[in-house]
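Following the working numbering, the numbering of the sequence shown begins with 131 at its first residue and continues without gaps. Notes follow the structure.
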Amino acid sequence: MEVNGQALDERDKPKKKFNFWTKAALSAALLVGLFYYSPFGSYLVHQIRVIVVHGFSEEGMVYMRAANQTLPLFYKDLPGDESLIELFRDHREDFEYLAKNYKGYQEIEAPDIRAAKERIGGLYQVAFVGNYFWLANPYDIETAREVLKMARAGRLSVITDTQGREMLFERKDWRLPYWSKRFSWVSKNIHYFPIEPRIANGELLWPVGIDGKPKGSARVLSELDHSPWEWRRGECLYRSLEPHWFIRLCNS
């Protein structure tokens, strides 16, 4: 290359300057991205969404206070598997009593139910969960047909009354908001099945439908202190404690 008739070495060629505003924009985008995907950014986005949706109503303040519990370390740890196993073993009789005698939400709980919850450590929630009904022989197609008949006759409440539903046992500190950008909530609890569920190839199987196939399945892992990377949104994972009892880790 020549300039004013003189040849220039390649190293002497004028270099293109990286535009200042381009660098500033990229730096700002990087900082915003790091903040947005950090625990504190997650917390702040949560609070803004609550204000937009609920304003400063009583319900909104409840959601905001729930997120404030995560402030000291940006998020708090869920209970470890061993602590839940120890709790279950120490209060096994109370868990069994609730599983057999809890009849669903009542405005005023029976004193014995309330006392059992308090002995376990102030359970926040004992509830029937799941969309499946557990009768004897849940993997038999005839049982599936019986459930269908009961549904058509409007008699499914009989199954709940006779404890034919799954149950969860949960405390407030077993759930945390906005753990990551992938999920809104992550919760860990103790889960009860009224009929021993079948486990095959690492999958817990729900009762079969009238086609003879399980209505669903869930992964059973050896430990739930660390969630797997390929954890799907809305997925619950299980760890077996005993044939009817499991630890359950869910996201939403």
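Beta carbons: idealized from backbone N, C-alpha and C, even for Gly. Since the model is a prediction, treat every value here as computed from it, not as a measurement.
- Indicate whether alanine 257 and leucine 298 have their beta-carbon atoms separated by less than 8 Å. yes
- Item | Per DSSP, the bridge partner or partners of glutamate 333 | Ala330, Arg349
- Query: Which residues bound the beta strand (DSSP E) around glutamate 372?
  - Reply: 366-372
- Query: Can you tell me whether DSSP reads arginine 305 as helix, strand or coil?
  - Reply: strand
- Task: Please name the residue or residues paired with tyrosine 322 in a DSSP beta bridge.
- Result: Met297, Trp375
- Alpha-carbon to alpha-carbon, serine 187 and proline 373: 44 Å
- Query: Based on the DSSP secondary-structure assignment, which residues constitute the bridge partners of serine 317?
  - Reply: Arg305, Cys380
- Item | Same chain, Cβ closer than 6 Å to tyrosine 227, five either side skipped, listed in chain order | Ala246
- Query: Quick one: what's got a C-beta closer than 6 Å to proline 344's C-beta in the same chain, skipping five residues either side?
  - Reply: Leu335, Trp336, Val338
- Query: Bridge partners of alanine 245, per DSSP?
  - Reply: The partner list for alanine 245 (beta bridge, DSSP) is empty, contrary to what the question assumes.
- Beta-carbon proximity check, serine 317 vs arginine 301, cutoff 8 Å: no
- Query: Any idea if threonine 273 is buried or exposed, counting beta-carbon neighbours within 10 angstroms, 16 or more meaning buried?
  - Reply: buried
- Check each candidate in Glu212, Ala158, Ala283, Ala229 and name the one with the smallest Cα separation from histidine 321. Ala229
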